[in-house]
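Visitor: Pasting a structure below so you can have a look.
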Amino acid sequence: MFRTLFLMATVCMTAVPALAEDYEHCKLLPGSTSAVFNYEQVGPAACEQLCRDTEGCIAWSYTPHNFNPKSAPGECRTLADVSDDEGSDRDYCGFLDPDANI
1 MFRTLFLMAT VCMTAVPALA EDYEHCKLLP GSTSAVFNYE QVGPAACEQL
51 CRDTEGCIAW SYTPHNFNPK SAPGECRTLA DVSDDEGSDR DYCGFLDPDA
101 NI
């Protein structure tokens with residue numbers, strides 16, 4: 001039983017970083033409207049989904065938690081417009097329309 005639990009935990013721990021690697025490292029800044037901040041999302045996929053579920057959202061930007069980036073909530077910003085991409089080795093971001101550009 002312990003072996004099965006250990007194996008399942010190992011698979012789960014290796015799956016989380018792989019999902020984050022599917023997203024581009026960048027940090028989008030809001031344009032003429034303010035970003036809406038949410039501190040309840042864990043991971044870039046959850047932040048992207050929040051943007052999809054938010055009317056008027058065209059892009060999102062996610063900063064992982066400082067001390068526990070894999071399982072603690074980070075800072076998710078949903079954006080109605082975008083002014084700039086700062087670039088970031090730590091943050092993740094994306095547009096709902098893959099053809100959108102800054």
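In the UniProt record's numbering, the protein residues as written are 1 to 102. For every residue, glycine included, the Cβ atom is placed at its ideal position computed from N, Cα and C.
Closest to PRO44 by CA distance: which of CYS26, GLY87, VAL82 and GLU86 is it?
Guide: Ranking the options by Cα distance to PRO44, first place goes to CYS26.
Visitor: Tell me the residue span of the alpha helix (DSSP H) that contains ARG90.
Guide: Taken as a continuous stretch (DSSP letters only), ARG90 belongs to no alpha helix (DSSP H), as it is neither H nor E.
Visitor: Return the bridge partner residues of HIS25 from the DSSP annotation.
Guide: Answer is TYR92.
Visitor: Just to confirm, are residue 154 and PHE95 a CB contact at a threshold of 7 angstroms?
Guide: Examination of residue 154 is not possible in this model, given that the chain is present from 1 through 102 alone.
Visitor: Restricting to runs no shorter than 4 residues, where is the alpha helix (DSSP H) found entirely within the UniProt domain "Apple" (31-76)?
Guide: The UniProt domain "Apple" (31-76) contains these whole alpha helix (DSSP H) runs: 44-53.
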